[in-house]
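Here's the structure we're looking at; comments come further down.
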Amino acid sequence: MIILRNEICDKLEDIVRNLKIVKHCIGCEGINLEIENPYHHPSIELTQKCNLNCIYCYSKHKNIKRGIYGNLENAKAVTISQYGEPLMDLEGVKKGIEFCKELGLRVDLQTNGVLLNEKIIEEFKDLGLDLIMISLSSFNREKYKLLTGKDYFSKVLENIKIASKYLHTIVRTIYIPGFNDNDLLKLSKELNGYVDEIMVHHLILYKENENSLKNLNINFDEVGKIKNLLLMVNKMQENSPKINVTIKGCLLVQLKEMDGFILNNITYDVFSEVPDIKREYKPLPWE
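Sequential numbering from 120 applies to the sequence shown in our numbering.
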């Protein structure tokens with residue numbers, strides 16, 4: 120007799136069943152499986168400049184124009200931004216928030232958190248910013264320096280805690296098997312009672328950053344395995360019961376359609392070309 124299922128299959132099904140959609144993904148076409156070619160939220164791109172040099176970043180390998188990508192008229196939310204560090208154009212962020220709130224949109228800000236402070240966060244809240252996503256993929260100063268090229272770990276961690284006093288705060292983190300497993304568990308425990316959500320992503324591998332990533336001694340055979348991602352998220356959730364620890368919504372809705380045997384064996388395709396923005400482009404209307 121061939122046994123196709125085991126206890127891990129049941130566990131993975133339970134994990135997926137209990138995972139919730141992160142607030143950032145609510146309103147995105149990607150969580151609607153009936154849409155054949157979904158678009159993600161529109162984004163406002165202000166700059167490709169950045170004060171970090173993250174080894175897994177794709178932004179530095181693609182040139183894009185400053186402007187709005189996507190149709191704001193049909194959107195429910197907009198993201199500032201997906202390329203570069205938006206706070207390097209602080210006034211642009213403020214104008215973007217004001218413009219989008221006048222349209223009745225939810226506004227999500229994505230940042231590495233380095234340039235934040237309490238005054239800026241309070242001002243964003245007053246302008247109507249709905250949520251802030253701050254990137255942090257290590258709970259170790261030296262590993263943070265390896266990932267980002269800079270020594271801002273303590274500052275970013277403190278800014279995350281400050282932001283959580285004013286705004287719905289999501290920590291975006293990248294799971295790198297064999298490199299930051301324990302860090303993510305420590306991070307989730309440290310942030311319990313502070314942030315609202317942690318969104319855990321797979322490491323995506325681009326040929327442009329392959330050599331840099333090899334220096335981390337990553338177990339590339341384990342990168343992309345759905346089982347590993349789900350078990351990590353579950354451990355983080357156990358460490359931080361006050362936080363919604365989850366994965367991106369467009370992946371989660373697909374996993375909810377799968378049984379435990381598939382979840383135990385499927386691998387996410389993490390080898391990719393640097394992404395293009397395929398949504399329509401418009402210049403910033405306030406310039």
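Each residue gets a CB set at the ideal place from its N, CA and C atoms; glycine is no exception. These figures come from a predicted structure and were not determined experimentally.
The beta strand (DSSP E) enclosing residue i, as first and last residue numbers
| i | result |
| --- | --- |
| Glu316 | Glu316 to His321 |
| Asp227 | Arg225 to Thr230 |
| Asn363 | Asn363 to Thr365 |
| Glu132 | Segment Glu126 to Asn137 is the alpha helix (DSSP H) holding Glu132; no beta strand (DSSP E) there. |
| Glu164 | Ser162 to Glu164 |
| Gly189 | Looking at the DSSP string, Gly189 is not in any beta strand (DSSP E), and its letter there is neither H nor E. |
Beta-carbon proximity of residue i to residue j, cut-off 8 Å
| i | j | result |
| --- | --- | --- |
| Ile337 | Ile295 | yes |
| Asp315 | Phe258 | no |
| Val342 | Leu322 | yes |
| Thr166 | Met207 | yes |
| Leu371 | Ile140 | yes |
| Leu248 | Val226 | yes |
| Ile317 | Ala282 | no |
| Val393 | Tyr175 | no |
| His159 | Cys147 | yes |
| Lys244 | Tyr400 | no |
C-alpha gap between residue i and residue j, whole angstroms
| i | j | result |
| --- | --- | --- |
| Ile199 | Arg136 | 30 Å |
| Lys280 | Leu310 | 8 Å |
| Gly215 | Ile163 | 7 Å |
| Asn299 | Glu406 | 42 Å |
| Tyr325 | Leu332 | 10 Å |
| Cys169 | Glu192 | 29 Å |
| Glu242 | Lys308 | 29 Å |
| Asp340 | Thr386 | 10 Å |
| Asn156 | Ile239 | 37 Å |
| Glu329 | Leu286 | 36 Å |
| Thr288 | Lys269 | 23 Å |
| Glu228 | Asn278 | First, the residue type needs correcting, since residue 228 is Leu and not Glu in the sequence shown. In a straight line, the C-alpha of Leu228 is about 14 Å away from that of Asn278. |
| Pro360 | Pro402 | 43 Å |
| Leu224 | Asn125 | 45 Å |
| Tyr202 | Asn334 | 24 Å |
| Lys179 | Glu376 | 35 Å |
| Leu138 | Asn363 | 8 Å |
| Lys344 | Glu237 | 39 Å |
| Asp129 | Gly312 | 30 Å |
| Glu327 | Lys181 | 11 Å |
| Ile134 | Ile154 | 25 Å |
| Pro404 | Lys142 | 27 Å |
Beta-carbon proximity list for residue i, same chain, < 8 Å, skipping 5 on both sides
| i | result |
| --- | --- |
| Met120 | Since pLDDT at Met120 reaches only 45, below the 50 mark, its modelled position is unreliable, and the value read off the structure follows with that caveat. Same-chain partners within the cutoff: there are none. |
| Lys220 | Val226, Leu246 and Gly247 |
| Leu152 | Val372, Gln373 and Glu376 |
Residue i: first and last residue of the uninterrupted alpha helix (DSSP H) it sits in
| i | result |
| --- | --- |
| Met355 | Ile345 to Asn358 |
| Gly379 | Gly379 to Asn384 |
| Asn330 | Glu329 to Lys333 |
| Gly146 | Unbroken run through Gly146: none, as it is neither H nor E. |
| Val372 | Gly368 to Leu374 |
Residues near residue i in its chain [Cβ-Cβ closer than 6 Å; skip 5 each side]
| i | result |
| --- | --- |
| Asn231 | Leu171, Glu204 and Ser254 |
| Lys319 | Position check: residue 319 holds Val in this sequence, whereas Lys was assumed. Only Thr292, Tyr294, Val352 and Ile366 meet the Cβ criterion. |
| Cys144 | Ile150 and Gly368 |
| Phe272 | Arg260 and Tyr263 |
| Asp395 | none |
| Gly297 | Ile337 and Asn338 |
| Leu235 | Asn278 |
Residues of its chain near residue i, where Cβ-Cβ distance is below 7 Å and the 5 sequence neighbours each way are ignored
| i | result |
| --- | --- |
| Pro161 | Ile187, Tyr188, Gly189, Asn190, Leu191, Ala194, Val197 and Arg398 |
| Leu304 | Lys354, Met355 and Asn358 |
| Phe390 | Leu324 |
| Leu131 | Lys346, Leu349, Gly379, Leu382 and Asn383 |
| Lys274 | Val233 |
| Glu217 | Leu246 |
8 Å Cβ cutoff, residue i in contact with chain D
| i | result |
| --- | --- |
| Asn330 | Of the chains in the structure shown, none is chain D; there is only one protein chain. |
Report task. Write down every uninterrupted run of the beta strand (DSSP E) in the region 270-318 whose length is 3 residues or greater and which is fully enclosed by it, in chain order. Result -> Whole beta strand (DSSP E) segments, 3+ residues: 287-294.
Requested in this report: Just list the alpha helix (DSSP H) runs in the region 200-272, keeping only unbroken ones of 4 residues or longer that don't cross its boundaries, in chain order.
Outcome: List check, alpha helix (DSSP H) in window: 209-221, 237-246 and 260-267.
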